[in-house]
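Novice: Our numbering puts the first residue of the sequence shown at 286, with every later residue one more than the last.
Backbone N, C-alpha and C fix where the C-beta goes; we use that ideal spot for every residue, glycine too.
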Amino acid sequence: MATNLNIDKLDLQIINEMMQNAEISYADLGKKLFVSGGTIHVRMKKLHEMGVVKGTRLQVNLKMVGYDVIAFIGIYLEKSSLYDSVAKELKRIPEIVRINYTTGNYSIFAEVVCKDIQQLRRVLHDELQKVKGIERTETFISLDETMVRSINVVPEEQPTL
Numbered sequence: 286m287a288t289n290l291n292i293d294k295l296d297l298q299i300i301n302e303m304m305q306n307a308e309i310s311y312a313d314l315g316k317k318l319f320v321s322g323g324t325i326h327v328r329m330k331k332l333h334e335m336g337v338v339k340g341t342r343l344q345v346n347l348k349m350v351g352y353d354v355i356a357f358i359g360i361y362l363e364k365s366s367l368y369d370s371v372a373k374e375l376k377r378i379p380e381i382v383r384i385n386y387t388t389g390n391y392s393i394f395a396e397v398v399c400k401d402i403q404q405l406r407r408v409l410h411d412e413l414q415k416v417k418g419i420e421r422t423e424t425f426i427s428l429d430e431t432m433v434r435s436i437n438v439v440p441e442e443q444p445t446l
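#1: Can you list, in chain order, the residues of its chain with a C-beta nearer than 7 Å to that of Q315? Leave out the 5 residues immediately preceding and following it.
#2: Measure the CB-CB distance between L297 and V433 and report whether it falls below 8 Å.
#3: Taking the alpha-carbon of L428 as reference, which of R377, D369, F357 and L413 has the nearest alpha-carbon?
#4: Identify whether L290 lies in helix, strand or coil by the three-state DSSP scheme.
#5: Alpha carbon to alpha carbon, what distance is there between F425 and V416?
#6: Could you work out which residue in K376, K294, R406 and R328 is closest to I393 when comparing CA atoms only?
#7: Skipping 5 residues on each side, what residues in its chain have a beta carbon closer than 8 Å to that of E430?
#8: Would you mind reading off the limits of the alpha helix (DSSP H) that contains I384?
#9: Can you tell me where the alpha helix (DSSP H) with L405 in it begins and where it stops?
#10: Quick check: the region 343-352 against the region 406-423, are there 3 or more CB pairs under 8 Å?
#11: When the Cα atoms are used, what is the spatial distance from N390 to G359?
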């Protein structure tokens with residue numbers, strides 16, 4: 286897949302390093318990878334334009350800024366063909382931070398971040414219940430987030446002759 290997008294070993298090394306520390310300067314990253322900071326800049330621009338890199342995000346401890354409830358909602362659709370219209374409506378609910386189209390019991394699995402249980406209740410009762418196409422939901426409240434990490438993107442091994 287990486288070769289279809291013209292991504293080489295250096296691109297993957299840049300992606301790996303930036304996933305670990307997006308604050309590293311291009312100059313420092315260039316030194317680490319034995320290329321110029323300009324090369325890193327050009328490669329990052331290319332990766333953005335290709336859609337491989339979708340920007341940078343600030344990781345925030347949500348509990349420290351007043352968001353104490355993280356929940357996951359399994360959503361059963363009346364028909365799976367309603368996914369696009371339901372997903373469009375779910376995107377309008379600001380507390381929903383992630384939506385996945387899934388296999389298994391649920392058609393959609395959504396992550397919700399709320400300040401408290403009352404806000405979660407409002408999202409479930411007042412917002413989700415209004416979305417046409419949702420048959421029912423099942424909610425799981427997260428008690429603790431033990432780990433979050435990125436994967437290590439590695440270059441494909443070339444066959445030896």
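Specialist: From the atom records:
#1: Numbered from 1 along the sequence shown, position 30 holds the residue referred to as residue 315. Reading off the sequence shown, one finds Gly at residue 315, where the question assumed Gln. The answer, listed in chain order, is S321, G322, T324 and I325.
#2: What you label residue 297 is simply residue 12 of the sequence shown in a count that begins at 1. What you label residue 433 is simply residue 148 of the sequence shown in a count that begins at 1. No. Outside cutoff.
#3: In the sequence shown, the residue the question calls residue 428 occupies position 143. Comparing Cα-Cα distances from L428 to each of R377, D369, F357 and L413, the minimum goes to F357.
#4: Along the sequence shown, read from residue 1 onward, the residue named residue 290 stands at position 5. Coil, per DSSP.
#5: Position 131 of the sequence shown, counted from the start, is the residue given in the question as residue 416. Position 140 of the sequence shown, counted from the start, is the residue given in the question as residue 425. About 19 Å.
#6: Residue numbering aside, residue 393 sits at position 108 when the sequence shown is read from its first letter. Ranking K376, K294, R406 and R328 by CA distance to the CA of I393 puts K376 first.
#7: The residue given as residue 430 occupies position 145 in the sequence shown. If the five residues before and after E430 are omitted, its C-beta is found closer than 8 Å to the C-beta atoms of I355, all from its own chain and listed in chain order.
#8: As a working mapping, residue 384 is identified with position 99 in the sequence shown. Taken as a continuous stretch (DSSP letters only), I384 belongs to no alpha helix (DSSP H), being part of the beta strand (DSSP E) at I381 to Y386.
#9: Reading the sequence shown from its first residue, position 120 is the one you call residue 405. Looking at the DSSP string, the run of the alpha helix (DSSP H) that includes L405 is I402 to R407.
#10: no
#11: On the sequence shown, residue 390 is found 105 positions in, with the first residue counted as 1. On the sequence shown, residue 359 is found 74 positions in, with the first residue counted as 1. So the two alpha carbons sit approximately 8 Å from each other.
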